Amino acid sequence: MDLTHIRENIPQATWQHVWAFRRLFQYVEYKAAEHGVEAAQVPPNHTSQRCSTCGWTHEDNRDSEHFECLKCGYQNHADYNAAKNIGFRYLRRRQNAADGGAPVDVRLNRGTLNVSGEYVPPYLC
Ligand SMILES: [Zn+2]
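Take the sequence shown: its letters are residues 213 to 337, numbered as in the working numbering.
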């Protein structure tokens, strides 16, 4: 790929977005480390269309801020469902990591999510 003129070819606003996201991630990474939490980035594709309960992925599962799985009927706020999918994607990636995938859970607003995709409510944690 020839990147010679990439700076001229990409609009200024796009570079500002790239810069802003990089800055945001650095800030989150820094604040998370203060609390002993690791920050990581995962590909976000389809995380808002995937059911965090059964894994069924379809664009009609999501209607604006409302998520309702057309297969299993699971309902929640679309952002919360997507956040669970992002957390699950991180756990799956860690499972295959070079260190053998030390067991970790992802903490949610309410409860935790483990690598099997199982959600544990806060009263059982
Ligand atoms: Zn489902």
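The beta carbon of each residue, even a glycine, is placed where N, CA and C say it ideally should be.
Small disclaimer: the values here were computed from a predicted structure and weren't measured.
With a 10 Å radius around the Cβ and a threshold of 16 neighbouring Cβ atoms, Ser328 comes out exposed. Minimum Cα-Cα distance from Asp275 among the listed residues Gly267, Cys266, Arg262 corresponds to Arg262. Leu320 carries a coil assignment under DSSP once its states are collapsed to helix, strand and coil. Contact between the region 279-290 and the region 229-243 is absent: fewer than three C-beta pairs spanning the two stretches fall below 8 angstroms. Under the three-state reduction of DSSP output, Glu277 falls in the coil class, being neither helix nor strand. Between Asn308 and Ser264, the C-beta gap is not smaller than 7 angstroms, which leaves the two residues out of contact.
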